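Notes follow once the structure below has been shown.
Number of protein chains: 4
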Amino acid sequence: MTSETELNRLAEQLPAWLETSRKESRHGQPASYIPELAHAPGDALGIALLDAAGREVTAGDSRLSFTLQSISKVFTLLLALMDQGEEGVFRKVGMEPTGDDFNSMLKLELVEPGIPFNPLINAGAIAVSSLIRGATPAEKTERILSFFREVAGDPTLTFNEAVYRSEAATAHRNRSLAYFLKDNEVLDEEVEPVLDVYFKHCSVEVTCRHVARMALVLAMNGTDPLTGRELVPRRYVQIAKTFMVSCGMYNASGEFAIRVGLPAKSGVAGGILALVPGRYGIGVVGPALNEKGNSIAGVHLLQTMSEAFDWSMF
Amino acid sequence: MTSETELNRLAEQLPAWLETSRKESRHGQPASYIPELAHAPGDALGIALLDAAGREVTAGDSRLSFTLQSISKVFTLLLALMDQGEEGVFRKVGMEPTGDDFNSMLKLELVEPGIPFNPLINAGAIAVSSLIRGATPAEKTERILSFFREVAGDPTLTFNEAVYRSEAATAHRNRSLAYFLKDNEVLDEEVEPVLDVYFKHCSVEVTCRHVARMALVLAMNGTDPLTGRELVPRRYVQIAKTFMVSCGMYNASGEFAIRVGLPAKSGVAGGILALVPGRYGIGVVGPALNEKGNSIAGVHLLQTMSEAFDWSMF
Amino acid sequence: MTSETELNRLAEQLPAWLETSRKESRHGQPASYIPELAHAPGDALGIALLDAAGREVTAGDSRLSFTLQSISKVFTLLLALMDQGEEGVFRKVGMEPTGDDFNSMLKLELVEPGIPFNPLINAGAIAVSSLIRGATPAEKTERILSFFREVAGDPTLTFNEAVYRSEAATAHRNRSLAYFLKDNEVLDEEVEPVLDVYFKHCSVEVTCRHVARMALVLAMNGTDPLTGRELVPRRYVQIAKTFMVSCGMYNASGEFAIRVGLPAKSGVAGGILALVPGRYGIGVVGPALNEKGNSIAGVHLLQTMSEAFDWSMF
Amino acid sequence: MTSETELNRLAEQLPAWLETSRKESRHGQPASYIPELAHAPGDALGIALLDAAGREVTAGDSRLSFTLQSISKVFTLLLALMDQGEEGVFRKVGMEPTGDDFNSMLKLELVEPGIPFNPLINAGAIAVSSLIRGATPAEKTERILSFFREVAGDPTLTFNEAVYRSEAATAHRNRSLAYFLKDNEVLDEEVEPVLDVYFKHCSVEVTCRHVARMALVLAMNGTDPLTGRELVPRRYVQIAKTFMVSCGMYNASGEFAIRVGLPAKSGVAGGILALVPGRYGIGVVGPALNEKGNSIAGVHLLQTMSEAFDWSMF
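Written out as C-alpha cells, the structure is:
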C-alpha cells in the first residue's frame with residue numbers, strides 16, 4: 001500500500017476510531033501533581049499525522065494546546081548528544097530501562113555507580129539538561145528553544161509561563177532527584193539552574209501538529225523532509241529511537257512495544273509523539289492518563305492504527 | 001547491497017573480526033554457578049549466519065557444542081503462546097523489562113500483582129514452562145523438544161544429561177524463585193515438575209549452526225524458508241522479537257539495542273541467538289561472560305558486524 | 001509495690017481490662033495463610049501471668065489451645081546458642097531489625113553477605129533451625145521438644161499434627177526463603193529436612209499458661225524459679241531478650257517498645273510471650289491479628305497493663 | 001557494688017582499657033563526607049562518665065572538641081515532644097528501625113505512608129527539626145541552643161560555624177531527603193529553613209564532659225541531679241531511651257544492644273552518648289568510624305566497660 005493510499009484510508013477511518021478511543025478517557029484522569037495540568041479537558045483527544053511529502057491528516061482536538069513535558073526529553077537528549085557526543089552523555093546516564101516509576105530513586109541508591117539508568121526517566125532527563133551547552137541557564141534554554149523551533153518548524157514556539165511556574169513551585173520530587181544526582185556527582189552544576197532549564201523545556205507549549213512535525217524529523221532519521229535540512233545526525237536519531245522503544249512510555253514501554261511497536265514518547269500533559277520509521281510523524285494529545293502516566297485514549301488510538309496498518313517495527 | 005554481496009563481504013572479513021573479538025574473552029569468564037558450565041573453553045568463539053536462501057557463513061568454533069540455557073526461553077514462550085494464546089500467557093507474565101538481575105526477586109515482592117515482569121527473566125521463563133501443554137513433565141518436555149527440533153531443523157536435538165543434572169542439583173535460586181511464584185499463585189502446578197521441564201529445555205545441546213537456523217525462522221516471521229513450512233504464527237514471532245529487543249540480553253538489553261540494534265537472546269553457556277529481520281539468522285557462542293551474563297566476545301562480534309553493515313533496526 | 005500487692009490489684013482489674021481489649025479483635029482477623037489457623041475463634045482473648053513464687057493470675061480464654069508459631073523461635077535460638085555458641089550462631093544470622101515484613105526477601109538479595117538480618121524473622125529462624133544439633137530431622141525435633149517441655153514445665157507438650165501438615169503443605173514462601181538461604185550458603189543442610197524441623201517447632205501446641213511459664217524462665221534469666229533448675233545460661237537469655245525487644249513483634253517491634261516496653265515475641269496463631277524482667281512471665285492469646293501480624297487485642301491488653309503498673313524497662 | 005566502689009574501680013582500669021580500645025581506631029577513619037570533619041585526629045579517644053552525685057571519671061582525650069552531629073537528634077526529639085506532644089510528633093515520624101543506612105531513601109519510596117521510619121535516621125531528624133516551635137529558623141535554633149545548654153549545664157554551648165557551613169554547603173543528600181519529605185507532605189515548612197535548623201543543631205560543639213552531663217539527665221529520667229531541676233518529662237525521656245536502644249547506633253543498633261545493652265546515640269564526628277539507667281551519663285569521642293558510621297574505638301570501649309560491670313539492661 002502506498003503512503004498516499006494509506007493516508008486516504010486513514011483520513012477516512014480516523015474520525016470514528018478517534019471517537020472510540022476517546023471513550024477510554026473516562027478510565028483515566030489528567031495529571032494532578034502539577035496543578036496547572038489538572039485543568040486540562042479530560043475527554044479531549046486529538047491527533048495529527050504527517051508524511052514526508054507534507055501530507056497531513058488530523059482528527060479530533062488537534063488544535064488543543066498542551067505542554068511537551070517528557071516528550072521534550074527526546075530532543076534535549078539529541079541536543080546533548082550533539083553538544084557532548086555519545087561518550088560525554090553516557091558518562092552521566094545509562095542505557096537501560098528501569099522497571100520502576102519515572103520518578104523513582106530506588107536504583108540511584110541501590111545500583112552502582114548511581115547514575116540514572118536512562119535519559120528518559122526524570123533523573124536521566126535532569127542529568128541531560130545539565131549537559132546542554134550554555135554559559136547560563138538562560139542561554140541553555142535559548143539554545144533548547146531554538147532547536148525545538150527548528151525541529152517543529154515553528155519559530156514562535158515557546159514555553160508556557162504558568163505551567164513553568166507551577167512546575168517550579170511544586171517539583172519537590174524532582175528537586176529531591178536532582179540533589180541525589182548532585183550527591184552522586186552526576187551533576188557538575190548547581191541544582192536550581194539545572195532544574196530551571198529542565199522545567200522550561202518541559203513547559204514548551206505545542207499542538208499535535210507540532211509534535212507530528214517533530215516526530216517526522218525522527219522518522220526521516222534527522223532530516224526535515226519538508227525543508228531538506230539535516231537537523232540531527234542519523235546516529236543520534238537512532239539512539240533516540242532506540243530509547244523511545246525501550247523507555248519511551250515510562251514503565252509501560254514493554255507493553256507499548258508489544259501492542260503498538262513504534263518508537264514513541266509520552267508526556268504527563270497527555271501528549272504522545274510517535275513515528276512510523278521512514279514514513280510518518282504522529283502527534284497525539286489526550287490529557288486523561290492511565291496509572292502509568294500515559295494518555296489512555298492516545299495509547300488506544302495508536303494501537304488501533306498500528307494494528308490496522310501493520311505498523312509494528314517488530 | 002544484495003544479501004549475496006553482503007554475505008561475500010562478510011565471509012571475507014569475518015575471520016579477522018572474530019579473532020579481534022576473541023581477545024575480549026580474557027575480560028570475562030565462563031559461568032560458574034552451574035558447575036558443568038564452568039568447564040567450557042573460555043577463549044572459544046564461533047559464529048554461524050544463515051540466509052533465507054540457505055547460504056551459510058561460519059567462522060571460528062562454530063562446531064562447539066553448548067547448551068541453549070536462556071536462549072530456549074524464546075522458544076518456550078512461542079510454544080506457550082501457541083498453547084495458551086496471548087491472553088493465557090499474559091495472565092501469568094508481564095511485558096516489561098525489570099532493570100534488575102535476571103534472577104532477581106525484588107519485583108516479585110515489591111510490585112503488585114507479583115507476576116514476573118517478562119518471560120525472559122528466570123521467574124518469567126519458569127512461569128512460561130508451566131504453561132506448556134502436557135499431562136506430565138515428560139510429555140511437556142517431549143513437546144518442547146519436538147518444537148525445538150522442528151525449528152532447528154535437526155530431529156536429533158536433545159538435552160545434555162550432565163548439564164541437566166548439574167542444573168537440577170544446584171538450582172537453589174531457581175527453586176527459590178519458583179516457590180515464590182507458587183506463593184504468588186503464578187504457578188498452578190507443583191514446583192518440582194515445572195522446574196524439571198525448565199531445566200531440561202535450558203540444557204538442550206546445540207551448535208551455532210542450530211541457533212542460526214532457529215534465528216532464521218524468527219527472522220522470516222515464523223516460516224522456515226528452507227522448507228517453506230510455517231512453524232509459528234507471525235504475531236507470536238512479533239511478540240518474541242519485541243521481547244528479545246527489550247529484555248533479551250538481561251539487564252544489558254538497553255545497551256545492546258543502542259549498540260547493536262537487533263533482536264537477540266543470550267544464554268549463560270555463552271550462546272547468543274540474533275537475527276537481522278527478513279534477512280539472516282545468527283548463532284554465536286563464546287563462553288566467557290561479562291558481568292551482566294552475556295558472552296563478552298559474542299557481543300563484541302555482533303556489534304562489529306552490525307556497525308559494518310548498518311543492521312540496527314532503529 | 002510488692003509483687004503480691006501488684007498481683008492482687010492485677011487479679012482484680014484484669015477481667016475488665018481484658019473485656020475492653022477483646023473488643024479490639026473486631027479490627028483484626030485470624031491468620032489465613034496457614035489454612036488450619038483460619039479456624040481460630042477471632043474474638044478469643046486469654047492471659048496468664050506467673051511470678052517467681054508460682055502465683056498465677058489468669059483471665060479470659062486462658063485455656064484456649066494454640067500453636068506457638070514464631071514464639072518458638074526464641075527457644076530454638078536459645079537451643080542453637082547452647083548447641084553452637086554465639087560465634088556459631090552469628091556466623092549464620094545477624095543482629096539487626098530489618099524494617100521489612102517477617103517473610104521479606106529483599107535484604108537477602110540486597111545486603112551483603114546475604115545472611116538473615118536476625119533470628120526472629122522467618123529466614124533467620126529457618127537458619128537457626130538448621131543449627132540445632134541432631135543427626136536427623138527427627139532427632140533435632142526430639143531435642144527441641146525436650147527443651148520446650150522442660151522450659152514449659154510440661155512433659156506432654158507436643159506439636160499439633162494438623163497444623164504441622166497444613167503449614168508444610170502451604171509454606172511456599174518459607175520454601176522460597178529457605179532455597180534462597182541455601183543459594184547464599186547459609187544452610188549447610190538440605191532444605192526440606194530443615195523445614196520439617198521448622199514447621200514442627202512452629203506447630204507446638206500450648207495454652208497461655210505454658211507460655212507464661214516459658215516467659216518466666218526468661219524473666220528469671222534462665223533459671224526456672226519453680227524448680228530451681230538453670231535451664232539456659234544467663235548470657236543466652238540476655239541475647240534472646242535483646243532480640244525480643246528489637247525484633248520480637250515483627251516490624252511493629254519499635255512501636256511495641258515505645259508503648260509497652262517489655263521483651264516479647266508474638267506468633268501468627270495469636271500468641272504473645274512477654275515478660276517483666278525479674279518478676280513475671282506472661283502468656284497471651286488472641287487470634288485476631290493486626291496488619292503487622294500481632295494479636296491486636298493481646299497488644300492492647302499488654303499496653304494497658306504496662307502503663308498501669310509502669311512496667312516499661314526503658 | 002555501690003556506685004562509688006564501681007567508680008573507683010573504673011577510674012583505675014579505664015586508662016588501660018582506653019589505650020586498648022584506641023588501637024581499634026586504625027581499622028576505621030574519620031567521616032569524609034562533611035569536609036570539615038575529615039580533619040579530626042583519627043586516633044583520638046576520650047571518655048567522661050558522670051554519676052548522680054556529680055562524681056566524674058575521665059580518660060584519654062576527654063577535652064577534645066567535636067560536634068554533636070546525630071547525637072543532637074535525641075535532644076531535638078525531646079524538645080519536639082515537649083512542643084508538640086506524642087501525637088504531634090508521631091504523625092510525622094514512625095517508631096521502627098529501618099535496617100537501612102541512616103541516609104537511605106528506600107523506605108520513603110517503598111513503604112506507605114512515606115513518613116520517616118524513626119526520628120533518629122536523617123529523614124526523621126529533619127522532620128523533627130521542622131516540629132520545633134519558633135517563628136523563624138533563628139528562633140527555633142535559639143530555642144534548641146537554650147535547651148541543649150540547659151541539659152549540658154553550660155550556657156556557652158554553641159554551634160561551630162565552620163562545621164555548620166561545611167555541612168550546609170555539601171549536604172546534597174540531606175537536601176534530597178528533605179525535598180522527598182516535602183513531596184510526601186511530611187514537611188509543612190520550606191526545605192531550606194528546616195535544613196538550616198538541622199545543620200546548626202548537628203554542628204553544636206561539645207566535649208565528652210558535656211555529653212556525659214546530657215546523658216546523665218536522661219539516665220535520671222529527665223531531672224538534672226546536680227541542680228535538681230526537671231528538664232524533661234519522664235515519659236519523653238522513656239521514648240528517647242527506647243529509640244536509642246532500637247535505632248541509636250544507626251543500622252548497627254541491634255548489635256550494640258546485644259554486645260553493650262545500653263541506650264546510646266552516636267554521631268559521625270565520632271561522639272557517642274550512652275547511659276546506664278539510674279546511674280551514669282557517659283560521653284565518648286573517637287573520630288575514626290567503622291563502616292556503619294559509629295566510633296570504632298568508642299564502641300569497643302563501651303563494650304569493654306559494659307561487660308566488666310555487667311551494665312546491659314537486658
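Residue numbers (our numbering), protein chains in the order written: chain A, 1 to 314; chain B, 1 to 314; chain C, 1 to 314; chain D, 1 to 314.
Yeah, the Cβ is synthetic: ideal placement off N, Cα and C, and Gly gets one too.
In this text, all values refer to a predicted model and were calculated from it rather than measured experimentally.
Query                                                                                                                                                                               : Result
For the alpha helix (DSSP H) containing residue 48 of chain C, list its first residue and its last residue.                                                                         : Residue 48 of chain C -> not in any alpha helix (DSSP H); beta strand (DSSP E) instead, spanning 46 to 51.
For residue 54 of chain A, which of helix, strand or coil comes out of DSSP?                                                                                                        : coil
So which of B/181, B/109, B/209 has the shortest CA-CA distance to residue 130 of chain B?                                                                                          : B/181
Any chance you could list the beta strand (DSSP E) runs of at least 3 consecutive residues sitting entirely within the stretch 53 to 90 of chain D, in chain order?                 : 56 to 60
Between which two residues does the beta strand (DSSP E) holding residue 203 of chain A run?                                                                                        : First-last for residue 203 of chain A: undefined, no H or E at that position.
Whole angstroms are fine: how far does the CA of residue 117 of chain B sit from the CA of residue 89 of chain B?                                                                   : 12 Å
In this structure, how does DSSP classify residue 280 of chain B when only helix, strand and coil are distinguished?                                                                : strand
The beta strand (DSSP E) with residue 104 of chain D in it runs from where to where?                                                                                                : Taken as a continuous stretch (DSSP letters only), residue 104 of chain D belongs to no beta strand (DSSP E), as it is neither H nor E.
Which residues of chain A have a Cβ atom closer than 8 Å to the Cβ of residue 180 of chain D, listed in chain order?                                                                : 105, 172, 173, 176
Rounded to a whole number of angstroms, what is the C-alpha to C-alpha distance between residue 251 of chain B and residue 83 of chain A?                                           : 28 Å
From B/265, B/232, B/6, pick the residue whose C-alpha is nearest to that of residue 85 of chain B; which is it?                                                                    : B/232
Going along the chain, which residues of the stretch 85 to 116 of chain C sit with their C-beta nearer than 7 Å to a C-beta in chain D?                                             : 95, 96, 97, 98, 99, 100, 107
For residue 114 of chain A and residue 297 of chain B, I'd like the C-alpha separation in whole angstroms.                                                                          : 27 Å
Quick one: what's got a C-beta closer than 8 Å to residue 177 of chain A's C-beta in the same chain, skipping five residues either side?                                            : 103, 105, 108, 122, 123, 126
Please list the residues of the stretch 229 to 255 of chain B that have a C-beta atom closer than 8 Å to any C-beta atom in chain A, keeping them in chain order.                   : 238, 239, 241, 242, 243, 245, 246, 247, 251, 252, 253, 254, 255
Would residue 70 of chain C count as contacting chain D if we go by Cβ distances under 8 Å?                                                                                         : no
Determine which residues share a DSSP beta bridge with residue 29 of chain C and list them.                                                                                         : C/289
Just to make sure I have the definition right: I need the residues of chain B whose C-beta is within less than 7 Å of the C-beta of residue 83 of chain C. Which are they?          : Those within 7 Å of residue 83 of chain C in chain B number zero; the least Cβ separation is about 24 Å.
Helix, strand or coil for residue 272 of chain C, going by three-state DSSP, please let me know.                                                                                    : strand
List the whole-angstrom C-beta distance separating residue 202 of chain A from residue 283 of chain A, where the pair is believed to meet the contact cut-off of C-beta under 8 Å.  : Rounded, the Cβ-Cβ distance is 17 Å, inconsistent with contact.
Go through its chain and collect everything with a Cβ distance to residue 184 of chain A's Cβ below 6 Å, but skip five positions before and after it.                               : 114
Which residues in chain D have a C-beta closer than 7 Å to the C-beta of residue 183 of chain A? List them in chain order.                                                          : 172, 173, 176
Decide if residue 136 of chain D is buried, meaning its Cβ has at least 16 other Cβ atoms within 10 Å, or exposed.                                                                  : exposed
For residue 242 of chain B, does the three-state DSSP call read helix, strand or coil?                                                                                              : helix
Apart from the five residues just before and just after residue 285 of chain B, which ones in its own chain have a Cβ nearer than 6 Å to its Cβ?                                    : 46, 64, 66, 208, 270, 271
How is residue 148 of chain A classed by DSSP in three states: helix, strand or coil?                                                                                               : helix
Could you tell me which of C/213, C/169, C/211 sits nearest to residue 196 of chain C, measuring between CA atoms?                                                                  : C/169
State buried or exposed for residue 100 of chain D, treating a residue as buried only when at least 16 other CB atoms are found within 10 Å of its CB.                              : buried
For residue 292 of chain C, I'd like the list of residues in its chain whose CB is within less than 8 Å of its CB, leaving aside the five on either flank, ordered along the chain. : 249, 250, 251, 252
Would you kindly check if the distance between the Cβ of residue 17 of chain A and the Cβ of residue 305 of chain A is under 8 Å?                                                   : yes
Given that residue 66 of chain C touches chain D, what residues does it touch there, using C-beta distances under 7 Å?                                                              : Per Cβ cutoff of 7 Å: no residues; residue 66 of chain C is ~26 Å from chain D at best.
To the nearest angstrom, how far is it from the Cα of residue 288 of chain D to the Cα of residue 254 of chain D?                                                                   : 21 Å
Residues of chain C with CB closer than 7 Å to the CB of residue 118 of chain D, please, in chain order.                                                                            : 254
Which residues in chain A sit within 9 Å of residue 257 of chain B, going by Cβ to Cβ distance?                                                                                     : 95, 242, 243, 245, 246
Beta-carbon of residue 313 of chain C versus every beta-carbon of chain D: anything under 8 Å?                                                                                      : yes
Within the chosen definition, does the stretch 72 to 83 of chain A reach the stretch 234 to 246 of chain A through at least 3 CB pairs nearer than 8 Å?                             : yes
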